[in-house]
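The listed protein sequences derive, respectively, from chains A and L. All you need for this note's numbering is the position in the first sequence, starting with 1, plus 156. All you need for this note's numbering is the position in the second sequence, starting with 1, plus 20. Each remark here refers to the structure printed beneath this line.
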Amino acid sequence: MSQYLRNIYDAVASALKGMGITAKHVVRKPVTLQYPDERWVLPSRFKGFIINDTNLCDGCLRCAKVCPVDCIYIETTGKGKDRFMHRYAVDYNKCIWCGLCTEECPTFACQHSLDYDHALYDRKRLVYEFVDPAHPVPCHKERRLQMGFFVEQVAAAPPDPDKIAKAPRRADLPEAAPGADGGKEDERGR
Amino acid sequence: MQVMTELFARIFGDGLSPVGLLVAGGLTMALVMSLVMALCAIVFTWAERKVAGFIQSRYGPMRVGRWHGVLQPVADMVKILGKEDIIPRDADKRLFQLAPFVIFVGSLMAWAAIPFAPGFIAADLDLGLFYIFAVSSAASIGILMAGWASNNKWSLYGAVRGVAQGVSYEIPLALACIPVVMITGSLNMNDIVIAQQGGIWRWHFLHDPFLFVSFLLYFVASIAEVNRGPFDLPETESELVAGYHTEYTGMRFAFFFLAEYANLFLVSCIATAVFLGGWQPVFGPVFLPGLVFVTKAVLLVLLQMWLRWTLPRLRVDQLMHVCWKVMVPLALVCVLGAGIWMLATGQAG
Numbered sequence: 157m158s159q160y161l162r163n164i165y166d167a168v169a170s171a172l173k174g175m176g177i178t179a180k181h182v183v184r185k186p187v188t189l190q191y192p193d194e195r196w197v198l199p200s201r202f203k204g205f206i207i208n209d210t211n212l213c214d215g216c217l218r219c220a221k222v223c224p225v226d227c228i229y230i231e232t233t234g235k236g237k238d239r240f241m242h243r244y245a246v247d248y249n250k251c252i253w254c255g256l257c258t259e260e261c262p263t264f265a266c267q268h269s270l271d272y273d274h275a276l277y278d279r280k281r282l283v284y285e286f287v288d289p290a291h292p293v294p295c296h297k298e299r300r301l302q303m304g305f306f307v308e309q310v311a312a313a314p315p316d317p318d319k320i321a322k323a324p325r326r327a328d329l330p331e332a333a334p335g336a337d338g339g340k341e342d343e344r345g346r
Numbered sequence: 021m022q023v024m025t026e027l028f029a030r031i032f033g034d035g036l037s038p039v040g041l042l043v044a045g046g047l048t049m050a051l052v053m054s055l056v057m058a059l060c061a062i063v064f065t066w067a068e069r070k071v072a073g074f075i076q077s078r079y080g081p082m083r084v085g086r087w088h089g090v091l092q093p094v095a096d097m098v099k100i101l102g103k104e105d106i107i108p109r110d111a112d113k114r115l116f117q118l119a120p121f122v123i124f125v126g127s128l129m130a131w132a133a134i135p136f137a138p139g140f141i142a143a144d145l146d147l148g149l150f151y152i153f154a155v156s157s158a159a160s161i162g163i164l165m166a167g168w169a170s171n172n173k174w175s176l177y178g179a180v181r182g183v184a185q186g187v188s189y190e191i192p193l194a195l196a197c198i199p200v201v202m203i204t205g206s207l208n209m210n211d212i213v214i215a216q217q218g219g220i221w222r223w224h225f226l227h228d229p230f231l232f233v234s235f236l237l238y239f240v241a242s243i244a245e246v247n248r249g250p251f252d253l254p255e256t257e258s259e260l261v262a263g264y265h266t267e268y269t270g271m272r273f274a275f276f277f278l279a280e281y282a283n284l285f286l287v288s289c290i291a292t293a294v295f296l297g298g299w300q301p302v303f304g305p306v307f308l309p310g311l312v313f314v315t316k317a318v319l320l321v322l323l324q325m326w327l328r329w330t331l332p333r334l335r336v337d338q339l340m341h342v343c344w345k346v347m348v349p350l351a352l353v354c355v356l357g358a359g360i361w362m363l364a365t366g367q368a369g
């Protein structure tokens, strides 16, 4: 009988204790971050989308060669002083965020950005173009200096990760070439 | 209904016969009560999500409507109205279609005897309290119909649990109200509220220690009666998907939801009327009786939500143990104790 009454007492007391704990949670500030309106402060070395600063890039192809999944597409024409880069595209469908391209890049043009939320309806739109074909990027040092682009010596130190710009939105850029990802069109739609 | 019939009498004068007045008043009252139920569902779904959110250090809905997602239930309703009404191939179609409305009507009928304010009661029955317990048990039939007609093991298990729980917990629920009936000497809800006139110390839950325990028993039993946490065994997500409404979609599912929140408010209204002084304010003269009544009931609903999001769910055997081995004996002790108290203090007539 005493055990019976003690059980009843315990049930009521523990329920009240639990309610006290939940009441404390009600009055304290919620931990939720209102995501689209508020964002986490990302660590400076956060591995976001790969971006390429065409002011620094001289089209040396090292990033494309080191990429284990071949997600960087670079197209150049000409030789020597007349060598121009017409296309620098990153296919985020393939990218595995390994960061090897950023380590290989001699001019620190290829970097991780702090950008991470690029949900899209069409996977083809995940191929981001960084060079406007109308304004090809010069690759030779002299031509670069002549046209006001940075050369290797100027960007001898890695840029401050906090100051790396966001990856450009696809809408700001020219449409990706059809079949740019090298695969067939997805028959199932999106 | 008194209010409504008087209103109609004033509008139509002698144009309506007494029977016509009765019918018109009754229909209006039924409409008002249905609207109250719908409003309950709208307000309490939002409130429940906010309470759950804050208890878990979240915000709950924030985006629909300008302030704290106040229009979330409206968005939900629009969404649920657009849903397909799916009836499983092997379901018993008639019963399947009927079940949500049986539950809803069972709940709606009980609203008839709730005294929101002096005179504002749909049916001022002499057996009001008895009537409420009688018709609210009709929901058990609806639950069993839904579970059986779905032709689905989860639905059936949920329904069997729901009915077993409903039938069991009705006993401590009704027993807990008996001391109050003994004191007031009436089952009329109006009389019960009027007997608690004169400030908080006259309210029944503070009448004597046995009534206080009765109030707690009523409160716990009422949570079990409306199948909510920590007694939400009929719809345990982890084992029964959603219990007896697993197979329901669209509007029919919405009716289950509507009935759940309406029942939640209903048991709180009964507790308010029977134990917490109904429309009587904490002190002073009667002031805005309807608002006082609804405020008390809403506070009780919030208390139930608080409990739901605090306590873990019970096991089936624990549920039955609590009912039959703890609450029923305690309720009987309270009936006996309240009787002895009345004799000892000379209140027995």
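Glycine included, each C-beta is placed from N, C-alpha and C at the ideal position. Bear in mind the structure is a predicted one, so any value in this text is a computation, not a measurement.
Look up residue i in the DSSP assignment and give the residues it is bridged to.
i: residue 268 of chain A; result: A:206
i: residue 246 of chain A; result: A:228 and A:284
i: residue 140 of chain L; result: L:137
i: residue 301 of chain L; result: Answer is none; residue 301 of chain L lacks a bridge partner.
i: residue 294 of chain A; result: A:240
i: residue 178 of chain A; result: DSSP, once it has assigned bridges, lists no residue as partnering residue 178 of chain A.
i: residue 233 of chain A; result: A:240
So is residue i in contact with chain L if we call contact Cβ pairs under 7 Å?
i: residue 175 of chain A; result: yes
i: residue 262 of chain A; result: no
i: residue 232 of chain A; result: no
i: residue 186 of chain A; result: yes
i: residue 210 of chain A; result: no
i: residue 258 of chain A; result: no
For a cutoff of 7 Å on Cβ pairs, would you count residue i as touching chain A?
i: residue 170 of chain L; result: no
i: residue 269 of chain L; result: no
i: residue 177 of chain L; result: no
i: residue 330 of chain L; result: yes
i: residue 79 of chain L; result: yes
Residue i versus chain B: which residues are under 7 Å apart at the beta carbon?
i: residue 182 of chain A; result: Absent here is chain B; the protein component of the structure consists of chains A and L.
Cα-Cα, which of the options is closest to residue i?
i: residue 188 of chain L; options: L:251, L:168 and L:230; result: L:251
i: residue 212 of chain L; options: L:58, L:133, L:316 and L:72; result: L:133
i: residue 142 of chain L; options: L:85, L:123 and L:47; result: L:47
i: residue 335 of chain L; options: L:249, L:28 and L:29; result: L:249
i: residue 230 of chain A; options: A:299, A:246 and A:237; result: A:246
i: residue 227 of chain L; options: L:128, L:296, L:287 and L:107; result: L:296
i: residue 287 of chain A; options: A:276, A:207 and A:225; result: A:207
i: residue 169 of chain A; options: L:363, L:26, L:331 and L:356; result: L:331
i: residue 192 of chain L; options: L:152, L:240 and L:271; result: L:240
Excluding sequence positions up to five away, which residues of its chain have a Cβ less than 6 Å from the Cβ of residue i?
i: residue 299 of chain A; result: 237
i: residue 253 of chain A; result: 203
i: residue 234 of chain A; result: 240
i: residue 131 of chain L; result: 53
i: residue 288 of chain L; result: 317, 320 and 321
i: residue 167 of chain A; result: none
i: residue 225 of chain A; result: 250 and 252
Near residue i, what residues of its chain come up, given a Cβ to Cβ distance below 7 Å and the 5 sequence neighbours on each side ignored?
i: residue 116 of chain L; result: 107, 169 and 170
i: residue 118 of chain L; result: 165
i: residue 217 of chain L; result: 300
i: residue 204 of chain L; result: 211, 212 and 215
Got a sec? Which residues, its chain only, sit under 8 Å from residue i by beta carbon, not counting five neighbours each side?
i: residue 257 of chain L; result: none
i: residue 322 of chain L; result: 67 and 71
i: residue 292 of chain L; result: 298, 313, 316, 317 and 320
i: residue 128 of chain L; result: 50, 53, 54, 57 and 282
The region 235 to 253 of chain L / the region 206 to 215 of chain L touching (three or more Cβ pairs under 8 Å): The answer is no - the region 206 to 215 of chain L does not touch the region 235 to 253 of chain L, with fewer than three Cβ pairs under 8 Å.
Using 8 Å as the threshold, is the region 327 to 339 of chain L in touch with the region 303 to 315 of chain L, meaning 3 or more CB pairs across them? Too few Cβ pairs lie closer than 8 Å, so no.
Do the region 217 to 228 of chain A and the region 105 to 117 of chain L make contact, defined as three or more Cβ pairs closer than 8 Å? no
Does the region 59 to 73 of chain L come close enough to the region 158 to 166 of chain L to have 3 or more Cβ pairs within less than 8 Å? no
Indicate whether the contact test is met: 3 or more Cβ pairs, each with one atom in the region 182 to 191 of chain A and one in the region 76 to 84 of chain L, closer than 8 Å. yes
Three CB pairs or more closer than 8 Å across the region 293 to 303 of chain L and the region 218 to 233 of chain L: yes
Please confirm if the region 179 to 187 of chain L is in contact with the region 261 to 269 of chain L, defined as three or more CB-CB distances below 8 Å between the two stretches. The answer is yes - the region 261 to 269 of chain L touches the region 179 to 187 of chain L, with three or more Cβ pairs under 8 Å.
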